[in-house]
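Protein chains: 2
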Amino acid sequence: MQIIITGGGGFLGQKLAKALLQSTLSFDELLLVDLVMPAHPDQDRRVICQQADLSKEGAVESLITPQTGLVYHLAAIVSSHAESDFDLGYLINLDVTRRLLEACRRTKAGIRFVFTSSLAVFGGELPEVVTDATAVTPQSSYGAQKAMGELLVNDYSRKGFVNGVTLRLPTICVRPGKPNKAASSFVSSIIREPLQGEEAVCPVSTDLSLWLSSPATVIRNLVHAATVEGSSLGNWRTLNLPGISVTVQQMLDSLERQTDAATLSRVRFEPDEAINRIVSSWPGQIDNSRALRLGFQVDSGFDSFITQFMANDLQKTL
Amino acid sequence: MQIIITGGGGFLGQKLAKALLQSTLSFDELLLVDLVMPAHPDQDRRVICQQADLSKEGAVESLITPQTGLVYHLAAIVSSHAESDFDLGYLINLDVTRRLLEACRRTKAGIRFVFTSSLAVFGGELPEVVTDATAVTPQSSYGAQKAMGELLVNDYSRKGFVNGVTLRLPTICVRPGKPNKAASSFVSSIIREPLQGEEAVCPVSTDLSLWLSSPATVIRNLVHAATVEGSSLGNWRTLNLPGISVTVQQMLDSLERQTDAATLSRVRFEPDEAINRIVSSWPGQIDNSRALRLGFQVDSGFDSFITQFMANDLQKTL
């Protein structure tokens with residue numbers, strides 16, 4: 001059995017690869033594919049790394065083979081990037097997702113297809129607590145594209161073409177590395193940069209509520225998604241992954257508590273209306289009960305997000 | 319200014335064309351386009367009829383011109399047909415819709431784009447009364463495709479590429495003509511066929527609640543959609559058009575009241591699980607308030623559906 005991770009060179013892809021290699025899941029090959037040649041996450045001989053532009057004619061079709069049993073489709077154009085490059089966003093976030101589903105359908109029935117969606121499918125006037133019954137009314141192209149992907153995964157699963165699961169990821173904090181073009185990039189920046197002795201810019205109000213998960217919890221949940229029973233998802237294959245609700249102020253308080261005032265002072269406040277508009281349209285709290293019932297996990301509090309980053313990622317970054 | 323109606327040869331397209339020609343709307347040309355050459359709905363010299371397969375390369379791109387000010391995109395593969403021909407459904411209901419939006423975007427900003435969606439976007443466990451805040455969880459490919467079209471129209475409107483409005487139509491009753499491949503085809507059949515002295519088959523339970531609109535009301539609402547202010551729709555361009563909730567039994571009672579027991583006896587009951595599953599997953603009642611506030615109209619009761627059909631369509635059919 002072969003596992004494929006698209007976006008396998010990314011932060012989540014690399015961490016997921018390591019977790020899969022250490023898991024009890026039985027497989028012969030783990031194929032990491034990305035636009036830039038992915039790093040080998042491990043010495044494990046089951047890992048194959050491949051550079052490919054999945055938007056090129058035929059790329060997706062040659063990727064899926066009869067050996068493929070599980071696809072993690074993580075590759076995406078992130079929110080602010082999809083907002084500034086409309087065509088590229090639709091090409092990667094919608095068309096490539098659809099071609100992957102179609103390639104699975106044409107190859108064999110029942111490939112487990114794990115698709116990562118986003119809080120960005122929500123927008124506009126939201127109830128205080130978002131549930132599975134809350135309408136998606138995205139206020140960004142990224143959100144619209146992810147919402148269309150959710151519909152595709154559900155429809156292909158309903159028809160038996162794939163055995164799909166869509167996970168709406170909370171905002172992940174702390175991401176290692178550099179800021180990216182996601183509207184949520186600041187969420188990691190305001191913790192990561194000060195810890196690395198650098199300045200960070202906070203473009204939103206400190207009373208904004210964010211819906212967060214730590215990387216370790218998201219990775220555990222992605223591994224769990226490999227084996228969760230399709231039938232247990234009922235007639236809707238999209239799940240809001242568990243998160244915790246934290247305000248920007250609470251994040252900064254936690255940072256100061258675990259470091260000092262000098263570290264905290266590296267965060268500057270420069271309101272950015274474009275980012276604020278996108279991020280404010282996302283839910284600040286979601287009902288976790290369905291995902292928890294299905295065996296997915298949740299973080300216990302924000303302090304551990306910082307200790308997790310300091311233990312796992314800060315050393316390598318500095 | 320040119321108006322285009324895709325699906326212009328269909329029942330709704332023809333009635334809409336007549337209503338537009340009699341309306342106060344000012345335009346130079348009304349282009350009816352369909353897979354089969356549309357009939358001329360009127361002697362009016364503003365009408366042009368065109369046969370075209372919009373799924374063919376370049377067809378959509380040559381349709382939209384700088385003169386185009388208003389597009390009614392009614393063409394679709396109906397529900398049961400989209401369920402049996404997966405690829406055709408996605409081609410017409412998703413790809414052609416997207417290409418039309420893209421052609422508008424490439425031609426000029428702000429074309430009014432009226433897209434007809436469906437109750438079929440709903441499914442699974444629904445609240446007793448569906449609102450604009452109810453999640454769409456379609457249980458058919460047709461519903462998934464229409465839900466994706468809604469997301470596209472909203473996103474293209476948000477970006478200013480078109481000035482879009484999506485109308486989720488109630489089930490329309492009484493449609494003249496022959497049964498079609500829509501799962502809801504029986505809703506008109508059980509009234510129309512008996513009135514024409516023919517047998518009809520009812521594939522669902524008589525206590526099933528349906529969400530209905532008469533053709534005249536839907537047409538009035540489609541005409542209203544030409545001029546409703548985009549900004550009045552807020553950040554979500556999809557509207558549930560007003561309907562009334564009627565059980566199959568109430569429809570049959572009304573038929574008997576307005577005719578006789580012999581007419582009613584032409585309805586046979588033959589449960590069809592496939593149709594029942596699709597139709598039962600649609601909402602039986604929807605909150606009309608937002609659409610009514612925006613000036614859309616609603617029928618007063620089911621009896622008038624039958625009188626409307628007898629006055630407008632029965633003569634021509636017999």
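As you go down the protein sequences, you meet chains A and B in turn. Just so we're aligned: 280 in my numbering is position 280 of the first sequence, and the numbers increase by one with no gaps anywhere. Offset between the second sequence (1-based) and my numbering: plus 318. The beta carbon of each residue, even a glycine, is placed where N, CA and C say it ideally should be.
For chain B, find out if any of its Cβ atoms is closer than 8 Å to the Cβ of A:Ala-311; answer yes or no. no
Taking the beta carbon of B:Asp-405 as the centre, do at least 16 other beta carbons fall within 10 Å, making it buried, or is it exposed? exposed
Taking Cβ-Cβ distances shorter than 7 Å, what residues in chain B pair up with A:Met-148? Met-466 and Leu-469
Interface residues of the stretch 442 to 463 of chain B facing chain A [CB-CB below 9 Å]: Gly-442, Glu-443, Leu-444, Pro-445, Thr-449, Asp-450, Ala-451, Thr-452, Ala-453, Val-454, Thr-455, Pro-456, Gln-457, Ser-458, Ser-459, Gly-461, Ala-462 and Gln-463
Short of 7 Å Cβ to Cβ, which residues in the stretch 374 to 405 of chain B face chain A? Phe-404
Residue nearest to A:Ser-280 in terms of C-alpha spacing, selected from A:Val-60, A:Gly-110, A:Arg-175 and A:Val-187: A:Val-187
CA nearest to the CA of B:Arg-705, picked from B:Val-354, B:Glu-511 and B:Phe-431: With chain B represented from 319 up to 636, any question about residue 705 of chain B goes unanswered, as that position is not in the structure.
Assign A:Ala-133 to one of three DSSP states: helix, strand, or coil. coil
If I follow the unbroken alpha helix (DSSP H) through B:Arg-555, where does it start and stop? That residue, B:Arg-555, is in no alpha helix (DSSP H); it is neither H nor E in DSSP.
Quick check on the DSSP output: the beta strand (DSSP E) that includes A:Ser-55 runs from which residue to which? From DSSP, A:Ser-55 is part of no beta strand (DSSP E); its letter is neither H nor E.
Interface positions of the stretch 587 to 615 of chain B facing chain A (Cβ-Cβ less than 8 Å), listed along the chain: none
Am I right that B:Ile-562 and B:Asp-617 are in contact with their C-beta atoms under 8 Å? What's the rounded C-beta distance? 5 Å
For A:Ser-23 and A:Ala-39, what's the separation of their Cα atoms in angstroms? 20 Å
Considering only the beta carbon of each residue, do A:Ser-117 and A:Leu-91 sit closer than 8 Å? no
Limits of the unbroken alpha helix (DSSP H) element including A:Asp-28: Element bounds for A:Asp-28: n/a, residue is neither H nor E.
Determine, using beta-carbon pairs with one atom in the stretch 246 to 257 of chain A and one in the stretch 91 to 110 of chain A, whether at least three such pairs fall under 8 Å. no
Got a sec? Which residues, its chain only, sit under 6 Å from A:Pro-137 by beta carbon, not counting five neighbours each side? A small fix is needed here, since residue 137 of chain A is Thr in this sequence, not Pro. Answer for A:Thr-137: Gly-123 and Gly-124, listed in chain order.
State the Cα-Cα distance for the pair A:Leu-406 and B:Ala-337, rounded to the nearest angstrom. Only positions 1 to 318 of chain A appear in the structure, and residue 406 of chain A is not among them; the question remains open.
Against chain A, with Cβ distances strictly below 8 Å, would B:Lys-477 count as a contact? yes
Across which residues does DSSP place B:Tyr-390 in a beta bridge pair? B:Ile-323 and B:Val-432
State whether the stretch 550 to 559 of chain B contacts the stretch 512 to 520 of chain B, with contact taken as three or more CB pairs (one from each stretch) at a distance under 8 Å. no
May I ask you to list, following chain order, the residues of the stretch 206 to 219 of chain A that have a beta carbon less than 7 Å from some beta carbon of chain B? none
So the alpha helix (DSSP H) A:Gly-164 belongs to, where does it begin and stop? Run containing A:Gly-164: none in the alpha helix (DSSP H); it sits in the beta strand (DSSP E), 162 to 169.
What is the rounded straight-line gap between the Cα of A:Ser-231 and the Cα of B:Leu-418? 37 Å
Pull up the CB-CB distance for A:Gln-67 and A:Met-148, whole angstroms please, since I reckon it's below 8 Å. That belief does not hold up - the Cβ atoms of A:Gln-67 and A:Met-148 are roughly 29 Å apart, past 8 Å.
8 Å Cβ cut-off: residues of chain B touching A:Asn-154: Thr-455, Pro-456 and Ala-462
Which one or two residues does DSSP pair with A:Cys-202 in a beta bridge? A:Phe-269
Please report whether the beta-carbon of B:Asn-553 lies at a distance below 8 Å from any beta-carbon of chain A. yes
Suppose contacts are defined by Cβ-Cβ distances below 8 Å. Is B:Glu-347 in contact with B:Ile-366 by that definition? yes
Alpha helix (DSSP H) containing B:Thr-535: first to last residue? 533 to 543
Looking at the unbroken beta strand (DSSP E) that takes in A:Ser-245, where does it start and where does it end? 244 to 247
For A:Leu-16, tell me which candidate among A:Phe-296, A:Arg-98 and A:His-224 has the shortest Cα-Cα distance. A:His-224
Do B:Arg-486 and B:Asn-411 have their beta-carbon atoms positioned less than 8 Å apart in this structure? no
Cβ shell of B:Arg-584 (< 8 Å), same chain only, five flanking positions each side left out: Glu-511, Pro-512, Gly-515, Glu-516, Glu-517 and Ala-518
Provide the residue span of the alpha helix (DSSP H) that contains A:Cys-104, from first to last. 97 to 107
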